[in-house]
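Under our numbering, residues 41 to 599 are what the sequence shown spells out, in order.
C-beta: ideal position from N, C-alpha, C; glycine also.
All figures in this text were calculated on a predicted structure; none of them were measured in a lab.
Below: one structure, written as structure tokens.
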Amino acid sequence: MQAEEDAEFVGARVEAGLRAARFSSPPSSEEFAASIEPKNVPAVFRGVLNGSAASSRWDPLHGGLDYLLEKVGPDVAVEAMMSSTGHVFYGDLRSHERVSIPFSTFMHSCKSYLGGLNAADDSSKDKGIGEEPTCSEEMCSASLENSEQLYLAQVSILNTENKERCSLEVLKEDIQEPIFLKGRPFSSINFWMSRAHMRSSTHYDPHHNLLCVVAGCKKVTLWSPSASPFLYPMPVYGEASNHSCVSIEEPDYSSYTRAKYMKEYSERVVLNCGDALFIPEGWYHQVDSDDLTIAINFWWKSRIMTEMLEHMDAYYLRRILRRLVDTEMDKIAQKNSFSHAQENNGFQPTDKALRPGSEQFNLHNEVKSHDTSDKKGATDTSDKKGAPLQSLEPSTLQALYELMSLVHDSVEAVDQNNIAESASQDTSSSQSIERKKIAADDSSLLEKDPVAKIILPVEPLELRSMLLAMVHTFPRTLEGLVLNILGPTGAEILTRKFDEMDQQTTTEEQTEFYKTFYTAFDDQYAAMDALLNRKELFSFQVFQSVLDQYLRVHVDRPS
Numbered sequence: 041m042q043a044e045e046d047a048e049f050v051g052a053r054v055e056a057g058l059r060a061a062r063f064s065s066p067p068s069s070e071e072f073a074a075s076i077e078p079k080n081v082p083a084v085f086r087g088v089l090n091g092s093a094a095s096s097r098w099d100p101l102h103g104g105l106d107y108l109l110e111k112v113g114p115d116v117a118v119e120a121m122m123s124s125t126g127h128v129f130y131g132d133l134r135s136h137e138r139v140s141i142p143f144s145t146f147m148h149s150c151k152s153y154l155g156g157l158n159a160a161d162d163s164s165k166d167k168g169i170g171e172e173p174t175c176s177e178e179m180c181s182a183s184l185e186n187s188e189q190l191y192l193a194q195v196s197i198l199n200t201e202n203k204e205r206c207s208l209e210v211l212k213e214d215i216q217e218p219i220f221l222k223g224r225p226f227s228s229i230n231f232w233m234s235r236a237h238m239r240s241s242t243h244y245d246p247h248h249n250l251l252c253v254v255a256g257c258k259k260v261t262l263w264s265p266s267a268s269p270f271l272y273p274m275p276v277y278g279e280a281s282n283h284s285c286v287s288i289e290e291p292d293y294s295s296y297t298r299a300k301y302m303k304e305y306s307e308r309v310v311l312n313c314g315d316a317l318f319i320p321e322g323w324y325h326q327v328d329s330d331d332l333t334i335a336i337n338f339w340w341k342s343r344i345m346t347e348m349l350e351h352m353d354a355y356y357l358r359r360i361l362r363r364l365v366d367t368e369m370d371k372i373a374q375k376n377s378f379s380h381a382q383e384n385n386g387f388q389p390t391d392k393a394l395r396p397g398s399e400q401f402n403l404h405n406e407v408k409s410h411d412t413s414d415k416k417g418a419t420d421t422s423d424k425k426g427a428p429l430q431s432l433e434p435s436t437l438q439a440l441y442e443l444m445s446l447v448h449d450s451v452e453a454v455d456q457n458n459i460a461e462s463a464s465q466d467t468s469s470s471q472s473i474e475r476k477k478i479a480a481d482d483s484s485l486l487e488k489d490p491v492a493k494i495i496l497p498v499e500p501l502e503l504r505s506m507l508l509a510m511v512h513t514f515p516r517t518l519e520g521l522v523l524n525i526l527g528p529t530g531a532e533i534l535t536r537k538f539d540e541m542d543q544q545t546t547t548e549e550q551t552e553f554y555k556t557f558y559t560a561f562d563d564q565y566a567a568m569d570a571l572l573n574r575k576e577l578f579s580f581q582v583f584q585s586v587l588d589q590y591l592r593v594h595v596d597r598p599s
């Protein structure tokens with residue numbers, strides 16, 4: 041391992057709230073239960089096992105191998121992982137197999153390896169292994185030949201679901217559970233040991249996990265569950281669905297293009313003898329183990345999984361999908377709002393744009409004459425309270441001009457009856473057609489809706505003033521805008537702006553605004569339906585995008 045790989049680091053894109061907490065001493069059981077476990081964020085605890093029987097008796101460098109040989113005995117068989125990819129152990133069964141070997145055989149192999157490290161006589165060590173009475177000649181030959189590919193992984197010391205699998209139950213006498221885990225109903229306690237340096241593939245576990253290093257050193261790279269798109273987990277229906285498809289030594293970025301950003305979303309921690317790492321359920325981790333490293337881990341069900349009743353699954357799924365959609369909608373609005381703020385930074389249209397002879401001025405006068413004559417009894421009320429065009433900021437006036445251009449370029453020849461007919465049509469069929477389309481990405485959702493692009497950078501109260509000005513001065517234009525031009529993204533942005541207006545105005549002002557706003561429409565309910573239907577269509581487009589992304593990430597294999 042290179043020196044820089046040994047160091048701890050935090051990726052540039054890891055959110056501050058998702059970084060592993062560090063504790064120089066173990067917390068109390070109350071502190072862990074109240075402020076650490078519920079956050080579902082990793083935590084490193086230094087010196088948790090210091091002074092324990094396991095750390096003092098199992099250390100391979102201080103007679104630990106002989107102790108374990110005697111403690112477990114010569115007749116106990118354990119299940120080991122044999123890798124077909126050298127020192128890298130992947131979760132997919134196609135890359136490894138489970139083999140049963142005597143625990144003593146593995147210990148003798150480790151002693152041989154340790155002897156080699158100490159420049160001891162390897163031949164005498166091999167002779168001792170060959171004479172092991174509980175190991176057949178064929179098995180010993182295989183284990184010796186492939187010893188560098190063997191890994192004792194998840195060998196049970198305690199298993200509440202299957203006690204028959206606890207081949208190393210005798211070692212529980214040397215283990216004292218950390219004080220902060222007191223009272224936890226463990227699902228299992230497991231023994232892990234590497235003969236030589238080895239690497240495990242990137243994966244997550246369905247239980248909370250406390251990984252404790254008894255001897256040696258482990259380097260653990262962590263990713264939060266939200267980093268799944270960059271890790272390409274195997275399909276949910278696969279036998280190794282909790283493992284990443286991406287090779288940790290030779291990643292194929294042509295097939296897994298997002299994987300090139302994996303490191304930016306990761307955090308690496310180093311665990312030395314006595315240290316422990318809390319890995320919450322669902323957190324991806326990849327582990328590098330040094331020579332002759334021994335660890336134990338405690339698994340227990342999280343509270344949410346313990347309390348998640350099966351008959352509630354459909355409800356939980358709907359809630360989770362709803363939250364994913366809401367989060368994605370917020371991201372779209374915020375990202376595009378930031379983008380437009382940058383584009384419009386420093387934009388201040390000059391008064392020339394509104395002087396006689398300018399395009400804006402001519403269009404305003406032309407539309408004012410046409411628009412007010414369209415509505416029976418309508419008059420120029422641009423000087424009414426709360427609605428004067430002169431009071432609008434230059435950038436808001438520019439937005440108004442652009443909206444009016446959109447409407448009159450599109451529906452100038454459409455009379456009021458056609459507008460009403462279009463508004464009263466059943467929108468279910470058109471929505472059904474739209475919903476068959478594949479959802480666009482964030483940027484195209486906005487690019488396809490010019491109204492959304494125009495109103496997005498306008499401040500809420502400025503937009504309020506602009507809409508009131510349209511009600512009093514250009515009511516037919518406002519009606520055409522909402523009923524005919526406004527798209528799904530525009531409807532979402534507009535209603536979000538309404539919410540922001542409400543937060544900045546009193547209840548009386550809100551009531552007066554909406555009462556005035558809807559007077560611009562001959563059929564107020566048609567206007568409300570148009571806004572709600574298109575807002576729901578936007579939600580559907582985002583839902584389809586989220587679902588497509590989820591299926592790509594969690595179900596489908598990349599082509």
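Sequence-distant residues of its chain with Cβ nearer than 6 Å to residue i (five each side left out)
| i | result |
| --- | --- |
| I600 | Residue 600 falls outside the range modelled here, since the chain spans only 41 to 599, and no answer is possible. |
| I76 | A83 |
| F85 | F63, P66, A316 |
Residues near residue i by beta carbon distance below 8 Å, same chain, minus five either side
| i | result |
| --- | --- |
| Q564 | Y558 |
| S207 | V116, A117, V118, E119, F143, V195, S196 |
| V498 | S435, T436, A439, M506, K537 |
| I494 | A439, E442, L443, L446 |
CA-to-CA distance, residue j to residue i, given in whole angstroms
| i | j | result |
| --- | --- | --- |
| H351 | A56 | 36 Å |
| P218 | P275 | 35 Å |
| I319 | V447 | 56 Å |
| H512 | W323 | 57 Å |
| T436 | E502 | 7 Å |
| E540 | P500 | 6 Å |
| L508 | F553 | 8 Å |
| C313 | S65 | 14 Å |
| H248 | E71 | 17 Å |
| L154 | P225 | 37 Å |
| N199 | I229 | 7 Å |
| E555 | Q430 | Note that residue 555 is Lys in the sequence shown here, rather than Glu. Each residue's Cα considered, the two are about 23 Å apart. |
| L105 | A280 | 32 Å |
| L211 | R97 | 11 Å |
| P78 | S149 | 42 Å |
| V254 | R308 | 19 Å |
| Q388 | S585 | In this prediction, Q388 scores a pLDDT of 40, lower than 50, which makes its location untrustworthy; the coordinate-derived value is nonetheless stated afterwards. C-alpha separation (whole angstroms): 36 Å. |
| A236 | K488 | 57 Å |
| F220 | I533 | 48 Å |
| P490 | G520 | 14 Å |
| E110 | G103 | 11 Å |
| M302 | Y355 | 32 Å |
| P100 | E213 | 18 Å |
| F578 | A531 | 8 Å |
Opposing strand residues paired with residue i [DSSP bridges]
| i | result |
| --- | --- |
| G61 | Reading off the sequence shown, one finds Ala at residue 61, where the question assumed Gly. Beta-bridge pairing links A61 to A83. |
| K259 | V310, D328 |
| F143 | None; F143 has no bridge partner. |
| A93 | Answer is none; A93 lacks a bridge partner. |
| I319 | N249 |
| H243 | H283, H325 |
| Y191 | M121, S234 |
| S228 | N199, W339 |
| P630 | The requested residue 630 is not part of the displayed model; the chain covers only 41 to 599. |
| E137 | M122 |
| V50 | E307 |
| F129 | S240 |
| I334 | M233, A255 |
Same chain, Cβ closer than 7 Å to residue i, neighbours up to 5 away in sequence not counted
| i | result |
| --- | --- |
| L192 | V118, A120, F146, F231, W232, M233 |
| R504 | M541, F553 |
| L58 | V81, S264 |
| Y305 | G51, R53, V54, W263, A267, F270 |
| L108 | W98, M147 |
| R298 | P269, F270 |
Cβ pair count under 8 Å reaching 3, the segment 524-543 against the segment 565-580: With a cut-off of 8 Å on Cβ pairs, the segment 524-543 is in contact with the segment 565-580, counting three or more such pairs.
Inter-stretch contact (C-beta, 8 Å, three-pair minimum) for the segment 273-286 and the segment 233-250: Touching, yes.
At least 3 beta-carbon pairs within less than 8 Å: the segment 320-333 vs the segment 257-276: Yes, since at least three Cβ pairs between the segment 320-333 and the segment 257-276 fall closer than 8 Å, the two stretches touch.
Touching by the beta-carbon criterion (3+ pairs, under 8 Å), the segment 107-116 and the segment 262-276: Counting Cβ pairs under 8 Å, fewer than three are found: no touch.
Complete alpha helix (DSSP H) runs within the segment 531-558 (minimum length 4 residues, chain order): Within the segment 531-558, complete alpha helix (DSSP H) segments of at least 4 residues are found at 547-557, given in chain order.
Touching by the beta-carbon criterion (3+ pairs, under 8 Å), the segment 335-347 and the segment 289-297: Verdict: no, contact absent.
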